[in-house]
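*Asks:* Residue numbers (this note's numbering): 803 to 1055. Glycine included, each C-beta is placed from N, C-alpha and C at the ideal position. Below you will find the structure I want to go over with you.
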């Protein structure tokens, strides 16, 4: 049975006087490669007297570029979308034989395309120690997917989730030192860990939608008491034959 969810995301800026609003780039539209089918989408902006141009960045993500010719005392961004929340199997893929076991090498032509997603930050002593300890747990010829799942679940156990309202993303060293962080902090930490392990990885963000169950399960976690929606961030790894696969270190899924 299909489950359709309507989501509304409103952001409002109220100023105490008329101000000039500079050009804005808004990235609040699901990407064309989003695995969740988007059945409807709209973006409404106040003030009405603005110019909006849709474009795609070099990675195919939708970007709304806004120009405001008049001064205003209010700026409001309203997103409405309808999503098909049909359950999917996240492991519904076949990895190329050459990448089934870790470590593996990307084909030279593919490696060139993945250069931006293999770029690493210098590993701090703390991150280097984490990587060394994790590498020691990898069995010779271990299944690549299983290794990625283990890394993701290990971060979920070690990094406590924290609602952090400050702007920006913590460095991997900060997140490891504090053993806590927001979803974007643990997501970026996983991206850097995977890249240091030679796995192409990218940072992803979007909406988290959790629906309350009609009936509580007999066994296992009951899930949220009420429907819940929030902004979220995670990591994606590129596996030959499978493409980009999502890993969420906040939940361990």
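Which residue comes first and which comes last in the alpha helix (DSSP H) that contains residue 966?
*Replies:* Run containing residue 966: none; DSSP gives neither H nor E here.
*Asks:* Under 8 Å between the Cβ atoms of residue 840 and residue 883?
*Replies:* Their beta carbons are under 8 Å apart, which means residue 840 touches residue 883 by this criterion.
*Asks:* Return the Cβ separation of residue 1008 and residue 832 in integer angstroms, given the expectation that the two are a contact with Cβ distance under 8 Å.
*Replies:* Rounded, the Cβ-Cβ distance is 7 Å, consistent with contact.
*Asks:* Does the beta-carbon distance from residue 828 to residue 885 come in below 8 Å?
*Replies:* No, the pair does not count as a contact, with Cβ atoms beyond the cut-off.
*Asks:* Considering Cα atoms alone, identify which of 822, 974, 844, 1013 is closest to residue 807.
*Replies:* Residue 1013 is the option with its Cα nearest to residue 807.
*Asks:* Under a three-way DSSP split, which group does residue 989 fall into?
*Replies:* The answer is helix: DSSP assigns residue 989 an H, G or I state.
*Asks:* Residue 919 to residue 1002, Cα distance in whole Å?
*Replies:* When rounded, the distance between both Cα atoms is 5 Å.
*Asks:* What residues in its chain sit with their C-beta under 7 Å from that of residue 871, if we drop five residues either side in the sequence?
*Replies:* Correct list, in chain order: 851.
*Asks:* Using a 10 Å radius around the Cβ and a threshold of 16 neighbouring Cβ atoms, would you call residue 921 buried or exposed?
*Replies:* With fewer than 16 Cβ atoms within 10 Å of its Cβ, residue 921 is classed as exposed.
*Asks:* Which of the three DSSP states, helix, strand or coil, is assigned to residue 945?
*Replies:* Residue state, collapsed to three classes: strand.
*Asks:* Going along the chain, which unbroken runs of the alpha helix (DSSP H) with 4 or more residues stay wholly within the segment 879 to 940?
*Replies:* Those alpha helix (DSSP H) runs which fall completely within the segment 879 to 940 and span 4+ residues are 910 to 915, 927 to 937.
*Asks:* So, do the segment 807 to 823 and the segment 892 to 909 have three or more beta carbon pairs nearer to each other than 8 Å?
*Replies:* Contact fails: fewer than three Cβ-Cβ distances are below 8 Å.
*Asks:* Going by CA-CA distance only, name the one from 965, 996, 889, 856 that's closest to residue 949.
*Replies:* Closest option to residue 949, Cα to Cα, is 996.
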